[in-house]
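In the working numbering, the protein residues as written are 33 to 455.
Glycine is no exception: its CB is placed at the ideal position from the N, C-alpha and C atoms.
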Amino acid sequence: MATARPRGTNDILPGESERWQIMEDAIHRICGAYGYQEIRTPMFEHTELFERGIGETTDIVEKEMYTFKDRGERSLTLRPEGTAPVVRSFLEHKMYGQALPTKLYYVGPMFRYERPQAGRYRQFYQFGVEAFGSSDPALDVEMITMPIHVYIELGLKDFEVHVNSIGCPKCRPPYRQRLQKYLNDDKDKLCGTCQSRYDRNPMRILDCKVSSCQELTAEAPLIADYLCEECSEHFQAVQNYLQQLDVKVVPNRRLVRGFDYYTKTVFEIKVPGLGAQDAVGGGGRYDGLVEEMGGPSTPGVGFAVGMERVLLALDKEGAKTLTRPGMDGFVAQFGGASKERAVALVHELRRAGLSVDMDYLGRSLKAQMKAADRARVHWVLFLGDDELAAGAARVRWMKTGEEETVALAELAAYLKAQKEARP
Ligand code: AMP
Numbered sequence: 033m034a035t036a037r038p039r040g041t042n043d044i045l046p047g048e049s050e051r052w053q054i055m056e057d058a059i060h061r062i063c064g065a066y067g068y069q070e071i072r073t074p075m076f077e078h079t080e081l082f083e084r085g086i087g088e089t090t091d092i093v094e095k096e097m098y099t100f101k102d103r104g105e106r107s108l109t110l111r112p113e114g115t116a117p118v119v120r121s122f123l124e125h126k127m128y129g130q131a132l133p134t135k136l137y138y139v140g141p142m143f144r145y146e147r148p149q150a151g152r153y154r155q156f157y158q159f160g161v162e163a164f165g166s167s168d169p170a171l172d173v174e175m176i177t178m179p180i181h182v183y184i185e186l187g188l189k190d191f192e193v194h195v196n197s198i199g200c201p202k203c204r205p206p207y208r209q210r211l212q213k214y215l216n217d218d219k220d221k222l223c224g225t226c227q228s229r230y231d232r233n234p235m236r237i238l239d240c241k242v243s244s245c246q247e248l249t250a251e252a253p254l255i256a257d258y259l260c261e262e263c264s265e266h267f268q269a270v271q272n273y274l275q276q277l278d279v280k281v282v283p284n285r286r287l288v289r290g291f292d293y294y295t296k297t298v299f300e301i302k303v304p305g306l307g308a309q310d311a312v313g314g315g316g317r318y319d320g321l322v323e324e325m326g327g328p329s330t331p332g333v334g335f336a337v338g339m340e341r342v343l344l345a346l347d348k349e350g351a352k353t354l355t356r357p358g359m360d361g362f363v364a365q366f367g368g369a370s371k372e373r374a375v376a377l378v379h380e381l382r383r384a385g386l387s388v389d390m391d392y393l394g395r396s397l398k399a400q401m402k403a404a405d406r407a408r409v410h411w412v413l414f415l416g417d418d419e420l421a422a423g424a425a426r427v428r429w430m431k432t433g434e435e436e437t438v439a440l441a442e443l444a445a446y447l448k449a450q451k452e453a454r455p
């Protein structure tokens, strides 16, 4: 047997790919409606972009990157997330010099060397949004309402939006110290990962899934109680807007996110009952990132949605399956002159904008009708000897079974008009 696909990757097969197209259509439409333009960055970047942009103490940079040397001995990495590449592009093309805010979105595969399980893959798709140049809390709210809009549009009902603020470079350092002091005596009871987090990134200990770490931090001080005035007012404004829009959120004072770059608002959207991998999206504000990556001081805010997980969540809810409408029609033929005419007619109808198929296996009329059923067509055209002699085709409307004869010269215009008339 030929080699199987690499572990943690998926083939999106016909049937399933329709659902992806529908999801992507909704994403493009909704992003457009919120004033965002699509950006497509390379699938790989210089490794240092992620080391610097995501943070060296994050799980991604420490153990999940697909890093390789190319033939010119450069270290490259398959992108594990979309924010660092978009910031790189924002700087490289000096978009900060254009009208702000810059509102960008992307859709595409990301790569992380994680242990594969349901909802966690090594190549997975994200749709994400980044907005630069505004620190307005109303824009943080847009980051929360936009993915929700996509979920609702696709039919997802059951999700929770967890929101928190993790402060800024002003309020975080004194809080960090406080947290370290609180955990100091129990340091050696933390799991191995958290012991190394203690010095480098202690807030991430709050996020640990190991039960002993969770117990040790159950009563730990939380950043929410130590926000500076600016962060506290900003977070209050975010919450006020959310309330005004009637967006139900779960204030989650323990929520911290896996990247170093976040400041102020962070959020995560979870689907209860989806299992261990229950986050369908998340994001937050990153006011220091653009400057840290060598650009002018520019606030930023964004989110990313895991697209496989959205489909898994829809399956779990037993939501109405996302299907495309069937094809317009099928041209049935009987060989010989009828076949020749069919090839020309199918070509003409397709050029006229109709979706049409025919038989390419020399099948019986009965088998052709089965193929037409599978394509869920609205009509079947018959090109028998009598019809050809009369310069006409017989049209059968599949829903009602009614039949009519239409002149070949008028077919394209007639079928197009009927498509509008009987959708
Ligand atoms: P993150 O970039 O880690 O904040 O992830 C954003 C979203 O991407 C998550 O909420 C998940 O829905 C999705 N995601 C992250 N990692 C994976 C993965 N390995 N496999 C599938 N989806 C993922």
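Terminal residues of the beta strand (DSSP E) in which residue i lies
| i | result |
| --- | --- |
| T437 | E435 to A439 |
| Q300 | What sits at residue 300 in the sequence shown is Glu, not Gln. Unbroken beta strand (DSSP E) run through E300: T295 to K302. |
| G416 | Where G416 is concerned, there is no enclosing beta strand (DSSP E), given that its DSSP letter is neither H nor E. |
| M401 | Per DSSP, M401 belongs to no beta strand (DSSP E); it is in the alpha helix (DSSP H), L397 to R406. |
| D391 | Premise fails: D391 is in no beta strand (DSSP E) and is neither H nor E. |
Rounded separation between residue i and residue j - CA only
| i | j | result |
| --- | --- | --- |
| G327 | R84 | 13 Å |
| L188 | S244 | 34 Å |
| E356 | I44 | Note that residue 356 is Arg in the sequence shown here, rather than Glu. Whole-angstrom Cα-Cα distance: 16 Å. |
| R341 | T249 | 29 Å |
| Y465 | E146 | No answer is possible for residue 465: it lies beyond the span of the chain, which begins at 33 and ends at 455. |
| A444 | R426 | 13 Å |
| L211 | S228 | 15 Å |
| V161 | L238 | 26 Å |
| V118 | I71 | 8 Å |
| R285 | F291 | 17 Å |
| A384 | K448 | 8 Å |
| L381 | G433 | 21 Å |
| S264 | Y207 | 14 Å |
| P112 | R144 | 5 Å |
| E419 | Q149 | 58 Å |
| K126 | T115 | 16 Å |
| T225 | Q246 | 13 Å |
| E94 | L81 | 14 Å |
| G47 | D231 | 49 Å |
| K296 | L259 | 9 Å |
| K101 | V322 | 27 Å |
| F414 | D347 | 40 Å |
| G140 | E56 | 10 Å |
| G307 | T90 | 23 Å |
| F251 | H194 | Looking at the sequence itself, residue 251 is Glu, so the reference to Phe does not match. Cα to Cα, E251 sits roughly 20 Å from H194. |
| R103 | G64 | 40 Å |
| Q309 | I92 | 16 Å |
| N42 | R428 | 40 Å |
| P38 | Q155 | 10 Å |
| F164 | G151 | 30 Å |
Assigned secondary structure, residue i (DSSP; H/G/I helix, E/B strand, else coil)
| i | result |
| --- | --- |
| G361 | strand |
| P456 | Since the first and last residues shown for the chain are 33 and 455, residue 456 lies out of range. |
| F335 | strand |
| S107 | strand |
| A425 | strand |
| P205 | helix |
| A311 | strand |
For residue i, the first and last residue of its enclosing alpha helix (DSSP H)
| i | result |
| --- | --- |
| Y98 | Segment Y98 to K101 is the beta strand (DSSP E) holding Y98; no alpha helix (DSSP H) there. |
| D347 | M339 to K348 |
| D319 | Element bounds for D319: n/a, residue is neither H nor E. |
| V378 | A369 to R383 |
| C245 | S243 to L248 |
| L447 | L443 to A453 |
Chain D contact for residue i (CB, 8 Å cutoff)
| i | result |
| --- | --- |
| F366 | Structure shown: chain D not included; a single protein chain is present. |
Cβ-heavy atom distance, residue i to the ligand SAH, below 7 Å
| i | result |
| --- | --- |
| Y214 | Among the ligands modelled here, namely the ligand AMP, the ligand SAH does not occur. |
Subject >> Contained beta strand (DSSP E) runs [length at least 3] in the stretch 40-88, N- to C-terminal order >> reply: 76-78
Subject >> Completely contained beta strand (DSSP E) runs for the stretch 116-197, where each covers 3 or more residues >> reply: 134-143, 155-164 and 192-197
Original post:
Does the stretch 213-229 come close enough to the stretch 274-286 that 3 or more CB-CB pairs lie under 8 Å?
Top reply: no
**OP:** May I ask you to verify whether the stretch 161-177 touches the stretch 120-140, counting CB pairs closer than 8 Å and requiring at least 3?
**Re:** yes
Original post:
Pairing CB atoms from the stretch 191-199 with CB atoms from the stretch 67-79, are three or more of them under 8 Å?
Top reply: Taking a cut-off of 8 Å on C-beta distances, the stretch 191-199 does not touch the stretch 67-79, as fewer than three cross pairs fall below it.
Original post:
Can you list, in chain order, the stretches of the alpha helix (DSSP H) that have 4 or more residues and sit fully within the stretch 257-288?
Top reply: 261-276
Original post:
Do the stretch 394-402 and the stretch 342-354 touch if we need at least three Cβ pairs shorter than 8 Å?
Top reply: no
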